[in-house]
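Everything on this sheet refers to the single structure shown next.
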Amino acid sequence: MSKDNQYRITVEHLDDNQQSIQQLQFEFQDREDLFKLVENLKIGSGLPESDATKLSVGLRLLGPLMMHNRKHPLFIDFMPHFKTFMQNLKTTVKNAVTNK
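In terms of the working numbering, the sequence shown opens at residue -8 and continues consecutively.
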């Protein structure tokens, strides 16, 4: 069985001089290689690289959280739509990466 990958996310609120005024940081584990997912989404999504990176990280944070809490009232109505979105995204990216 493969070991989960460990990641640390740091978000900084920057002032006009690019100095950090506030920061939050958290760690999470993921079975997926986040860096590989980012690269594949950059290639296959058709989005600008910066947007593909944000989408990759956001989805890897949201997806497992939703699955873990799938019966929670906050997620129950959104889950079918998220599933459809993810299936479409995976197919789109897979086809683009394969045909690269």
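All C-beta atoms, glycine included, are put in the ideal place defined by N, C-alpha and C.
Asked, Found
"Whole-angstrom C-beta distance between PHE76 and MET57, which should lie under 8 Å", "In fact, because the Cβ distance is near 11 Å, the residues do not count as touching under 8 Å."
"Proximity of GLN(-3) and GLN20 at Cβ, strictly below 8 Å", "yes"
"GLY49 and THR83 closer than 8 Å at C-beta", "no"
"Cα-Cα separation between ASP(-5) and GLY54, rounded to whole angstroms", "16 Å"
"Secondary structure of GLN(-3), DSSP reduced to three states", "strand"
"Status (buried if at least 16 other CB within 10 Å, exposed otherwise) for LEU28", "buried"
"Start-end ranges of the alpha helix (DSSP H) lying completely within the stretch 46 to 80, minimum 4 residues", "64 to 67"
"Three-state secondary structure assigned by DSSP to ASP24", "coil"
"Beta-carbon proximity check, ARG51 vs LEU32, cutoff 8 Å", "no"
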